[in-house]
Structure formats: C-alpha cells, structure tokens
DNA sequence: CACTTGACCTGTCCGC
DNA sequence: TGCGGACAGGTCAAGT
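In my numbering, the protein residues as written are 5 to 298.
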C-alpha cells in the first residue's frame, strides 16, 4: 500500500513526466473523487501547467502555474499513472501491473497538451484528489497534524523520542502508524522496522528501552531509504507513475512472510493482530516489553 | 486528552 | 459453480 517510499517513487516519476505539461481537460466520475466546482476547475486547473511535484508524508502535491495545487492521497489502492502518447493504452508487458487505461478503477483523467494523460485510479475509492490554493495547503487540518518527515536531517533521535512521549501507553506499532508521531510509515514499514530493531510490535512504548528505540530510529531511516531505492513495495495494487511495480517486497524480512523461516534465527514468522492490523513478527527475535525491564 | 474500534469501499480468497 | 464471510489497511469519527 502506498506509504512514504511508494509515494516518493510516484513523486520522482511524475517530476520526470509531467512538469511543464499543460492541462487540456479533466474528467472525473463522482464529486467524491474530485470535490471541486466547475468554476474552480476552469479558472485554476485548465490551461495551467505543473511546476513542481512535492510530497509530505503520504500526501502528494502537484503544484500548478495558477497558484493552485492538486493535493492527492492514494490511501490503500490509489494510483497516479502517466501514459504518454506512444504507450497510451498499450500497457507494459514485462513489469506493468496494469493494462489499458482508463479502466473501471479510473476516477480522474487529466489530458495533457503533449498527448499524454494522467490517470488517478482507485479501486476502493478511499483516496482523494482535490484542487486548492498552494499557499493554504500547510494550514489544512490534515497537514497541520502531521508529524516530522522521517528522512529529514532534523528527524534525529531526540525528535523521535519527544514525539513518542504523547503515545506512552499504546503499542509501539500503533505509535509508528500514528501520522502525528511521524509522517509516512504504514503497515509494511512498521513491521519491517520493528523486526530490524528486534522489538515486538505489541510492546508498550514506555517500557521499550532507549537503546531499542535508537535502533528503531535508525531502522526507520535506513529501511525507508532502501525501499525508495527499490521503487517501493508492490503488495497488491501499488504502481509507480509509469504503471510499474516496486521491488522492495522481495527484500522484506517479515511482511507477508507468515509460516516462513525468520531470516535471522529460522523460527517461523507468525501473523497476529496489533492496532487492528495484520502484523508479522518473529517472536524469537523480537522482544515483548510490557513491563519495566530489570 | 489518550486510546480503541468501526466505517468507508471493492476485489480476492477460502470453505462449504 | 456459486455464495457468504473474512480480509486487505489509511484515516477519521465516535466510542470508552
């Protein structure tokens, strides 16, 4: 599912593909997918061009020359896929997960002046795309609440520890998934980083030793960066801006590895439920901290 | 305020 | 073969 590395991969792809391209037309299925008025669309979207593609947490911002931006959240099954004139409708036989576009999951279709098309697909309709003034994006309630960017230099260990102070009595996994603690980690990278730090996901935050939290902080940075190198994780639906898969999942140690041997100790990885999510853990390697350690 | 649970959706898989 | 139900998991609203 699109988490920070997947959204970042889409961002770099779109930066390469649609910057400076002019928007000729936009078409969408329902207002839920694109809740803007026709007047706003005509004034601030049509006949403007993309000047920058930015990311904050799992949110994408496609900045336009009109002073407005398309803000996009892919949620679980969202895709932002560009098809150039040459590849239009053709798909990619080798590494594309998707075929001819538009398909039944297509919510928004944006036609560009170079003959290319930007598709916003979303099978489960949880995602959204909307047009709003670039300047007010930071004031949006969702953006206001977001925690620090884990890959920024300023996200050092003391920042991480300070953020966790607000979630002392919950599980460490619930804390990692909380976007106000840090922005961009979802189910895959929560499981993978906790495995790397040898912390059981059900561990209560206040009982996790500082040394383990330091390992976790380092693992977050390293694993997110590594996944970006691999183009993110394609578990089911995720594809990049060209409709292609990411390969991080091939390197995952525990995610979707239930009943398989732990790569460190060989014990079987089990799947449990933590914070309402499917959670993968090696109970032999990952220690459960539920009370003060002596 | 801190924390947990259910709702939002649709496609897929599993058991009968 | 079809059908019901569980499951997938990001975020928010409503619950304790």
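Cβ coordinates follow ideal geometry from the N, Cα and C atoms, glycine included.
Cβ-based burial, residue i [other Cβ within 10 Å; buried from 16]
i, result
"residue 172", "exposed"
"residue 160", "exposed"
"residue 169", "exposed"
"residue 142", "exposed"
"residue 38", "buried"
"residue 269", "exposed"
"residue 148", "exposed"
"residue 75", "buried"
Identity of the residue in the options nearest residue i by Cα
i, options, result
"residue 174", "44, 236 and 295", "295"
"residue 279", "293, 207 and 212", "207"
"residue 226", "252, 211 and 65", "252"
"residue 115", "67, 88, 77 and 71", "88"
"residue 126", "32, 71 and 152", "32"
Endpoints, alpha helix (DSSP H) assigned at residue i
i, result
"residue 225", "214 to 233"
"residue 168", "161 to 168"
Segment limits, beta strand (DSSP E) that includes residue i
i, result
"residue 319", "Past the boundaries of the shown model lies residue 319; the chain is included only from 5 to 298, so the question cannot be answered."
"residue 54", "54 to 60"
"residue 83", "82 to 87"
"residue 72", "72 to 77"
"residue 177", "Counting along the chain, residue 177 falls outside any beta strand (DSSP E), though it belongs to the alpha helix (DSSP H) covering 176 to 181."
"residue 285", "281 to 285"
"residue 31", "27 to 32"
C-alpha gap between residue i and residue j, whole angstroms
i, j, result
"residue 8", "residue 26", "27 Å"
"residue 28", "residue 249", "28 Å"
"residue 45", "residue 79", "23 Å"
"residue 260", "residue 241", "15 Å"
"residue 34", "residue 108", "13 Å"
"residue 290", "residue 102", "37 Å"
"residue 95", "residue 104", "For residue 95, the pLDDT reaches just 46, beneath the cut-off of 50, and the residue's location in the model is therefore unreliable, although a value from the coordinates is still provided. The alpha-carbon atoms of residue 95 and residue 104 are separated by roughly 6 Å."
"residue 132", "residue 257", "31 Å"
"residue 20", "residue 272", "42 Å"
"residue 136", "residue 73", "6 Å"
"residue 14", "residue 234", "12 Å"
"residue 100", "residue 211", "45 Å"
Any non-hydrogen atom of the ligand ATP closer than 7 Å to residue i Cβ
i, result
"residue 231", "As presented, the structure is devoid of all ligands, the ligand ATP included, so that no description of it is given."
### Task
Could I get the ranges of all uninterrupted alpha helix (DSSP H) runs contained in the segment 102 to 151, with 4 residues as the minimum, in chain order?
145 to 149
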